[in-house]
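In what follows, a single structure is set out as structure tokens and then discussed.
Protein chains: 2
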Amino acid sequence: MKEEIENKPVITKIPTIYGDLWFFGFKFEDEEIVAISNKRKIKNPINLRIHSCCFTSEIFGSLKCDCVQQLNQFMKLMGEDKKNNYLLIYFLNHEGRGIGLLNKLKVYEVQRKLKLDTYEANKYLGFDYDHRNFDKAIYILNYFKIEEITIFSNNPQKVKILKERGFNISIKKFLVRPPSTYALHYLMTKAERGGHFIKEEIRKLIEKNMK
Amino acid sequence: MKEEIENKPVITKIPTIYGDLWFFGFKFEDEEIVAISNKRKIKNPINLRIHSCCFTSEIFGSLKCDCVQQLNQFMKLMGEDKKNNYLLIYFLNHEGRGIGLLNKLKVYEVQRKLKLDTYEANKYLGFDYDHRNFDKAIYILNYFKIEEITIFSNNPQKVKILKERGFNISIKKFLVRPPSTYALHYLMTKAERGGHFIKEEIRKLIEKNMK
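Chains as they are written, first to last, in my numbering: chain P, 1 to 211; chain U, 212 to 422.
Spelled out as structure tokens, the structure:
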């Protein structure tokens with residue numbers, strides 16, 4: 001990503017339902033990535049979310065996951081908390097953990113027909129569980145000279161990557177209200193198979209739901 | 212698009228906040244397009260919306276336009292009306308009327324700094340007002356053997372294209388509640404400069420807003 005070091009982001013302020021937010025558009029050779037903040041000047045320490053797009057829930061209202069709830073919750077915090085610095089790094093090309101929207105629809109259909117969980121269905125179709133690469137988030141964090149991060153995430157992989165790159169990391173476990181039983185079971189799968197941090201919280205919600 | 216005639220869409224059913232909906236993912240050489248319906252079997256006559264993605268409003272809550280309201284309103288109708296057939300054709304690569312997200316952010320910044328409207332700002336940056344091409348919507352309509360359409364749109368260009376291709380078209384003017392003064396003025400610009408159908412309705416809303 002050498003050549004992009006020269007590239008400065010496109011910057012503008014947009015009025016949103018969460019308040020006025022600053023948009024930073026980064027152009028990489030193979031994709032565009034948007035970073036959004038409540039502040040024009042991005043400073044340490046920062047509350048960070050690295051978010052992979054999920055058009056099925058964020059645009060089309062799918063109940064199969066909790067992605068849109070996580071995104072909206074973080075943006076709400078960002079808009080409300082005038083004191084602290086927030087940064088959302090939004091990957092526009094990470095649909096279905098990087099396999100793309102059409103492949104994600106294939107995975108959903110396999111899940112539906114064969115009653116598989118998300119890991120099993122990906123495997124059934126020959127996909128790895130996670131095809132994402134977060135290097136460009138590191139680039140963007142470096143661009144903003146970020147060192148101290150509170151990351152809003154339940155994903156141990158993201159924490160590991162940031163720690164390995166030398167960032168000073170605190171973790172904010174991030175349980176939003178799951179929108180459906182589908183999403184609850186999806187979260188439990190991620191907790192059991194992917195080591196996500198909120199297993200106990202999810203277990204309690206599932207128990208409550210079954211009563 | 213000859214070769215794609217052979218391609219069948221990926222099909223699955225997804226539970227959404229609007230009810231269970233059928234997703235049809237079409238793969239073209241240069242892009243993926245999603246069609247969504249309340250029915251598995253797409254039949255004539257059809258209530259149609261051809262929608263260009265607007266991630267700024269649909270994902271990030273921008274108040275500068277009414278795209279997300281139009282999309283949500285159409286999907287709500289689709290979910291509620293069990294009797295009639297609805298089809299949403301969603302172009303994932305049409306951000307900013309086809310110029311892409313980063314260029315759209317540039318246009319917004321020019322609008323903000325120079326107090327230009329959307330047409331003037333696009334021109335200022337050397338973009339045509341509209342870079343979109345709807346040929347793939349025609350392909351999808353033909354794939355589903357659609358002939359009779361009620362189109363939910365205020366855009367005379369979309370109506371013209373469908374009429375020229377021989378579809379039997381009725382128009383459903385589509386005024387959703389604009390989310391902000393920004394959006395109202397954006398709508399008025401589209402009405403005045405692009406001939407959109409709802410000029411009088413918008414004028415009344417602006418007058419009401421100014422009282």
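For each residue, glycine too, the CB sits at the ideal point set by N, CA and C. Given the structure is predicted, the values throughout are model-derived calculations rather than measurements.
Euclidean distance between Cα positions of L184 (chain P) and L205 (chain P): 8 Å
Proximity below 8 Å, CB of L71 (chain P) to CB of E58 (chain P): yes
Members of the region 227-244 of chain U that neighbour chain P once the beta carbon cut-off is set at 7 Å: T227, I228, Y229, F234, G236, K238 and E243
Exposed unless 16 or more other CB atoms sit within 10 angstroms - verdict on P390 (chain U): Buried is the call here.
Simplified DSSP state of Y350 (chain U), which is helix, strand or coil: helix
Terminal residues of the beta strand (DSSP E) in which V245 (chain U) lies: E243 to S248
Proximity to Y18 (chain P) [Cα-Cα], best of P:Y86, P:E120 and P:K145: Of the listed residues, the one whose Cα sits closest to Y18 (chain P) is P:Y86.
Burial state of M212 (chain U) (16 or more Cβ within 10 Å): Low local confidence applies: a pLDDT of 46 at M212 (chain U) is under 50, so the model's placement there is unreliable, and no value is given.
Residues of the region 42-74 of chain P whose Cβ lies closer than 9 Å to any Cβ of chain U, in chain order: C53, F55, T56, S57, E58, I59, F60, G61, S62, L63, K64, V68, L71 and N72
Inter-stretch contact at 8 Å, needing at least 3 Cβ pairs: the region 166-176 of chain P / the region 84-104 of chain P: no
Stretch-stretch touch, CB-based, cutoff 8 Å, three pairs: the region 243-261 of chain U with the region 300-310 of chain U: yes
Interface partners of V172 (chain U) on chain P, CB under 9 Å: No statement about residue 172 (chain U) is possible, as the shown extent of chain U runs from 212 to 422 and does not include it.
Distance, S263 (chain U) Cα to K212 (chain P) Cα: Any property of residue 212 (chain P) remains undetermined from this structure, which presents chain P solely from 1 to 211.
Test: T223 (chain U) CB closer than 8 Å to a CB of chain P: yes
Under the three-state DSSP convention, the category I5 (chain P) falls into: Model confidence at I5 (chain P) stands at a pLDDT of 47, short of 50, so the residue's coordinates are unreliable and nothing is read from them.
Any C-beta of chain P under 8 Å from that of G311 (chain U): yes
The region 114-125 of chain P touching the region 140-157 of chain P, judged by at least three CB pairs closer than 8 Å: no
Given K41 (chain P) as reference, the closest of P:Y129, P:H94 and P:N84 once Cα atoms are compared: P:N84
Residues near T56 (chain P) in its chain [Cβ-Cβ closer than 6 Å; skip 5 each side]: S62
Supposed close pair F127 (chain P), I99 (chain P) - CB separation, criterion 8 Å: 5 Å
Rounded C-alpha distance that separates E80 (chain P) from F74 (chain P): For E80 (chain P) and F74 (chain P), the distance between alpha carbons rounds to 10 Å.
Within the region 329-411 of chain U, ranges of the alpha helix (DSSP H) (whole runs, at least 4 residues): Counting only runs that start and end inside the region 329-411 of chain U, the alpha helix (DSSP H) elements of at least 4 residues fall at 329-335, 346-354, 367-375 and 392-405.
K27 (chain P) and N44 (chain P) closer than 8 Å at C-beta: no
Between the CA atoms of H94 (chain P) and N142 (chain P) - distance to the nearest angstrom: 21 Å
S248 (chain U) at chain P interface by Cβ criterion, 8 Å: no
Complete runs of the alpha helix (DSSP H) confined to the region 256-304 of chain U [at least 4 residues]: 266-269 and 278-291
Test: E214 (chain U) CB closer than 8 Å to a CB of chain P: Note that E214 (chain U) has pLDDT 44, beneath the 50 cutoff, so the model's placement of it is unreliable and the number below is only indicative. Closer than 8 Å: no.
Rounded straight-line distance, which links the Cα of R97 (chain P) to that of E31 (chain P): 15 Å
Environment of L325 (chain U) [buried if 16+ CB atoms lie within 10 Å]: Exposed, by the Cβ-count rule.
Per-residue DSSP class, three states only, for G100 (chain P): Judged by DSSP in its simplified three-state form, G100 (chain P) adopts coil rather than helix or strand.
Cβ of H305 (chain U) within 8 Å of any chain P Cβ: It does not; no Cβ of chain P falls within 8 Å.
The region 381-408 of chain U: positions lying closer than 8 Å to chain P by Cβ: Within the region 381-408 of chain U, those residues whose Cβ lies closer than 8 Å to any Cβ of chain P are, in chain order, P390, S391 and Y393.
Opening and closing residue of the beta strand (DSSP E) in which F235 (chain U) lies: G230 to K238
Per DSSP, the bridge partner or partners of I222 (chain U): U:F235
Residue burial classification, N420 (chain U) (beta-carbon count within 10 angstroms, cutoff 16): Exposed, since its Cβ has fewer than 16 Cβ neighbours within 10 Å.
Straight-line gap, K163 (chain P) to I138 (chain P) (C-alpha atoms, nearest Å): Computed Cα separation, rounded: 11 Å.
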